[in-house]
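Colleague:
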Amino acid sequence: MHRDSTIHHALEHLFRHESGRLVSILTRVFGPHNLGLAEDVVQDTLLEAMNSWKIRGIPRDAPAWLFTVARNKALDLIRKEKRHRDIVSVQSHLLESEYTLAPAVDELMKSRSIQDDQLSMMFTCCHPSLSAESQVALVLKTLCGFSVAEIAKAFISTPDTIEKRLYRAKEKFRQEKIAFEIPGENELDARLENVLLAIYLLFNEGYNSTDHEDLIRKDLLEESLRLGELLLQNAVTRKPPVYALLALFCFNSARSKARIDNQGNILLLKDQDRNLWDRSLISSGEQWLDKSAEGELFSAYHFEAAISREHLVAKSYDQTNWELILYYYDLLLRARPSPVVALNRAVVIGEMKGPAAGLEAIEKIPGIDGLQNYYLFHAIIGEFYAKLGNREQANEYFAKAKELTSSEKEKQLLVSKMQKE
Amino acid sequence: MEKFMLIFHGPGSATQSPEQMEENMGKWMAWIDKLNKEERYVSGEPLLPGGKLVKGADKKVTDGPYTEGKEVVGGFFIINAKDLAEAANVAKECPDFEQGGTVQVRQVMKMDM
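In order, the protein sequences belong to chains A and B.
If you read the first sequence in my numbering, its first letter stands for residue 1, the second for the next number, and so on.
If you read the second sequence in my numbering, its first letter stands for residue 422, the second for the next number, and so on.
Quick look at the structure:
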């Protein structure tokens with residue numbers, strides 16, 4: 001069916017984002033232990049909106065319309081379950097009487113800015129008592145309005161697995177009293193780290209997966225940018241690492257068009273057409289990176305962004321400033337000691353000093369055993385052997401890498417490497 | 422031209438994601454657009470779920486007629502069409518069939534015979 005593009009544009013993720021806004025407000029009203037209740041109210045609200053708007057058109061102030069419907073549904077719920085004392089986060093005698101109930105609920109729903117509610121929601125979803133996987137799933141579900149099926153698709157997982165993760169997270173909310181708030185000064189930096197990591201994982205999932213349906217991939221990138229920008233809207237969370245993370249997103253996204261050729265095959269950095277890199281994203285990244293330097297807090301994201309930027313400013317692959325990149329990797333390794341970072345650093349050493357030095361650097365990686373199931377570990381070693389002219393060893397490693405990746409595109413790339421003579 | 426009422430039932434499932442709801446809504450609005458351009462669309466109203474049923478000599482009021490599921494009437498259109506067959510063809514363009522929706526097509530009776 002013909003789809004009117006202007007209509008579609010007006011709607012661009014309205015439901016998703018309104019869902020995130022309303023779930024956040026209602027979670028504050030009901031408390032995180034009633035997250036499921038907040039989600040039900042919002043689902044009902046959106047369903048009612050859809051059924052009415054599809055026939056009558058979208059009202060001019062759609063968010064206000066949705067807010068009012070959600071507020072009325074919340075009011076009904078509180079009225080119906082007044083005796084269940086734990087339905088509202090803040091206990092107030094005003095909720096006890098029918099005369100004061102409606103104004104009291106209005107007060108509860110309005111009392112803070114929308115951004116603050118969504119930020120509090122972010123900190124709640126990324127509470128350290130939850131696993132990183134649960135945190136990311138929860139962020140997508142509550143703040144980005146993804147369904148369980150959509151989250152499963154985004155993470156190449158099954159709805160069952162995602163459902164379990166979300167269930168466990170909600171169980172935690174029920175058992176532990178987790179406050180719905182932006183943490184205070186003394187724990188803000190540590191908690192912000194959790195939030196940034198979840199957004200970072202979200203972005204990587206969208207960025208690294210080459211087999212995904214393009215739409216889901218694009219949605220994840222957009223959502224991670226949106227959440228990052230949300231953190232910048234409040235002075236309390238407007239911290240240097242947030243700027244650095246956004247810079248990193250822009251720099252990495254800038255290359256995404258050049259990463260795939262016309263046939264949908266993966267192109268490595270050295271084979272990419274640098275004219276296809278997105279200049280406007282690069283300049284946004286530059287601006288965020290400048291901002292990220294205002295302050296004393298340097299995070300791993302600063303160094304990652306600096307590395308990504310360094311690749312972008314090189315006129316050609318041969319003109320890459322490997323020495324500076326190595327310097328950033330050393331800093332990154334100090335900020336976030338991880339075998340994966342060390343592996344990437346070994347690639348840089350290989351570029352600077354040749355494949356033998358690269359292999360040597362790999363052998364020295366602390367915690368190298370943790371990389372055995374990582375396909376890139378084998379692919380990179382294979383690459384070094386290939387450069388040394390050792391085809392037999394190279395193909396052995398490429399084959400191992402092929403076994404470990406689930407991506408068809410990656411498999412194709414590895415097969416083409418094995419066939420090179 | 423005759424007038425016909427398209428009565429939309431269901432789909433009544435609450436499992437759609439916000440994105441799917443938005444997509445569905447976009448399809449409906451595009452459909453109405455198309456019907457407008459073809460000068461078929463006369464009017465339409467959505468109906469809230471729930472409602473009351475008044476019945477019998479004692480005018481007993483109960484909840485209903487249908488309160489959930491596929492039977493619920495979600496709304497209606499009045500459209501112009503040549504005959505019932507053409508109206509039924511228009512009804513086939515409704516975006517809700519995949520989600521289990523149904524459309525009842527009824528001719529509006531003319532009083533000026």
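Cβ coordinates follow ideal geometry from the N, Cα and C atoms, glycine included.
Note that this is a predicted model, so its numbers are computed, not measured.
#1: Looking at chain B, is there any beta carbon in it that lies within less than 8 Å of the beta carbon of residue 3 (chain A)?
#2: State yes or no: is the beta carbon of residue 459 (chain B) nearer than 8 Å to at least one beta carbon in chain A?
#3: What residue range does the beta strand (DSSP E) around residue 67 (chain A) cover?
#4: For residue 497 (chain B) versus residue 465 (chain B), is the C-beta spacing smaller than 8 Å?
#5: Might you give, ordered along the chain, the residues of its own chain that have their beta carbon closer than 7 Å to the beta carbon of residue 173 (chain A), omitting 5 neighbours on each side?
#6: When burial is assigned at 16 or more other CB atoms within 10 Å of the CB, is residue 350 (chain A) buried or exposed?
#7: Compile a chain-ordered list of the residues in the stretch 503-516 of chain B whose CB is closer than 7 Å to at least one CB of chain A.
#8: Give the interface partners of residue 445 (chain B) over in chain E, defined as CB-CB distance under 8 Å, in chain order.
#9: Pop quiz: residue 411 (chain A) and residue 402 (chain A) are said to be a contact at Cβ under 8 Å. What is the actual Cβ separation, rounded to whole angstroms?
#10: Tell me the DSSP secondary structure of residue 340 (chain A) in three-state form.
#11: Along chain A, which residues have their Cβ under 7 Å away from the Cβ of residue 492 (chain B)?
#12: Whose Cβ in chain A lies nearer than 7 Å to the Cβ of residue 486 (chain B)?
#13: Measure the C-alpha to C-alpha separation of residue 51 (chain A) and residue 528 (chain B) and round it to an integer number of angstroms.
#14: Taking the beta carbon of residue 431 (chain B) as the centre, do at least 16 other beta carbons fall within 10 Å, making it buried, or is it exposed?
#15: Got a sec: which bits of the stretch 135-151 of chain A sit with their beta carbon under 8 Å from any beta carbon on chain B, in order along the chain?
#16: I'd like to know whether the C-beta atoms of residue 231 (chain A) and residue 257 (chain A) end up nearer to each other than 8 Å.
#17: Taking the alpha-carbon positions, what's the residue 331 (chain A) to residue 106 (chain A) distance?
#18: How do the stretch 436-444 of chain B and the stretch 462-476 of chain B stand: do at least 3 beta-carbon pairs fall below 8 Å, yes or no?
#19: Tell me, please, whether the CB atom of residue 450 (chain B) is closer than 8 Å to any CB atom in chain A?
#20: Who are the neighbours of residue 426 (chain B) on chain A, taking C-beta pairs under 7 Å?
#21: Determine which residues share a DSSP beta bridge with residue 532 (chain B) and list them.
#22: Spatial neighbours of residue 145 (chain A) within its chain, please: CB distance less than 6 Å, with the 5 preceding and 5 following residues excluded, ordered by chain position.
#23: Could you check where the beta strand (DSSP E) with residue 428 (chain B) kicks off and where it finishes?
#24: Quick one: give me the first and last residue of the alpha helix (DSSP H) that residue 36 (chain A) is part of.
#25: Name, please, each residue of chain A whose Cβ falls closer than 8 Å to the Cβ of residue 466 (chain B).
Modeller: By the coordinates alone:
#1: The residue given as residue 3 (chain A) occupies position 3 in the first sequence. Since pLDDT at residue 3 (chain A) reaches only 38, below the 50 mark, its modelled position is unreliable, and the value read off the structure follows with that caveat. Chain B places a beta carbon closer than 8 Å to that of residue 3 (chain A), counting this residue as a contact.
#2: Mapped onto the second sequence, residue 459 (chain B) falls at position 38. It does not; no Cβ of chain A falls within 8 Å.
#3: Working through the first sequence from its first residue, we reach residue 67 (chain A) at position 67. Where residue 67 (chain A) is concerned, there is no enclosing beta strand (DSSP E), although the alpha helix (DSSP H) it sits in stretches over 62-80.
#4: Here residue 497 (chain B) refers to the residue found at position 76 of the second sequence. Here residue 465 (chain B) refers to the residue found at position 44 of the second sequence. Contact check for residue 497 (chain B) against residue 465 (chain B) passes: the beta carbons are separated by less than 8 Å.
#5: For the purposes of this step, residue 173 (chain A) is taken as the residue at position 173 of the first sequence. Spatial neighbours of residue 173 (chain A) in its own chain (CB-CB distance under 7 Å, excluding positions within 5 residues in sequence) are listed in chain order as 32, 33 and 35.
#6: Taking the first residue of the first sequence as 1, we reach residue 350 (chain A) at position 350. Under this definition residue 350 (chain A) is a buried residue.
#7: From the stretch 503-516 of chain B, no residue has a Cβ closer than 7 Å to chain A.
#8: Among the chains of the structure shown, chain E does not appear; the protein chains present are A and B.
#9: Against the first sequence, residue 411 (chain A) aligns to sequence position 411. Against the first sequence, residue 402 (chain A) aligns to sequence position 402. Confirmed, Cβ separation roughly 5 Å.
#10: Within the first sequence, numbered from 1, the residue matching residue 340 (chain A) stands at position 340. If DSSP states are grouped into helix, strand and coil, residue 340 (chain A) belongs with the helices.
#11: For the purposes of this step, residue 492 (chain B) is taken as the residue at position 71 of the second sequence. In chain order: nothing, as chain A lies at least about 15 Å away.
#12: As a position in the second sequence, residue 486 (chain B) is number 65, starting the count at 1. In chain order: nothing, as chain A lies at least about 17 Å away.
#13: As a working mapping, residue 51 (chain A) is identified with position 51 in the first sequence. As a working mapping, residue 528 (chain B) is identified with position 107 in the second sequence. Across the structure, residue 51 (chain A) and residue 528 (chain B) are spaced so that their CA atoms are roughly 24 Å apart.
#14: Taking the second sequence and counting its residues from 1, one reaches residue 431 (chain B) at position 10. Taking all protein chains in view, the Cβ of residue 431 (chain B) is crowded by 16 or more other Cβ atoms within 10 Å, so the residue is classified as buried.
#15: Listed in sequence order: 145, 146, 147, 149 and 150.
#16: As a working note, residue 231 (chain A) is residue 231 in the first sequence. As a working note, residue 257 (chain A) is residue 257 in the first sequence. No; because the gap between Cβ atoms is not below 8 Å, this pair is not in contact.
#17: For the purposes of this step, residue 331 (chain A) is taken as the residue at position 331 of the first sequence. For the purposes of this step, residue 106 (chain A) is taken as the residue at position 106 of the first sequence. The alpha-carbon atoms of residue 331 (chain A) and residue 106 (chain A) are separated by roughly 50 Å.
#18: Because the criterion of three Cβ pairs below 8 Å is not met, the stretch 436-444 of chain B and the stretch 462-476 of chain B do not touch.
#19: Here residue 450 (chain B) corresponds to residue number 29 of the second sequence, with the count starting at 1. True, the Cβ-Cβ gap to chain A drops below 8 Å.
#20: The residue labelled residue 426 (chain B) in the question sits at position 5 within the second sequence. In chain order: nothing, as chain A lies at least about 13 Å away.
#21: Here residue 532 (chain B) refers to the residue found at position 111 of the second sequence. Looking at the DSSP output, residue 532 (chain B) shares a beta bridge with no other residue.
#22: Counting from one through the first sequence, the residue named residue 145 (chain A) turns up at place 145. Closer than 6 Å at the Cβ level, and outside the excluded window around residue 145 (chain A), lie 16, 19 and 20.
#23: Position 7 of the second sequence holds residue 428 (chain B). Where residue 428 (chain B) is concerned, the enclosing beta strand (DSSP E) stretches over 423-430.
#24: For this step, residue 36 (chain A) is matched to residue 36 along the first sequence. That run of the alpha helix (DSSP H) goes 35-56.
#25: Here residue 466 (chain B) refers to the residue found at position 45 when the second sequence is read from its first residue. Result: 55 and 56.
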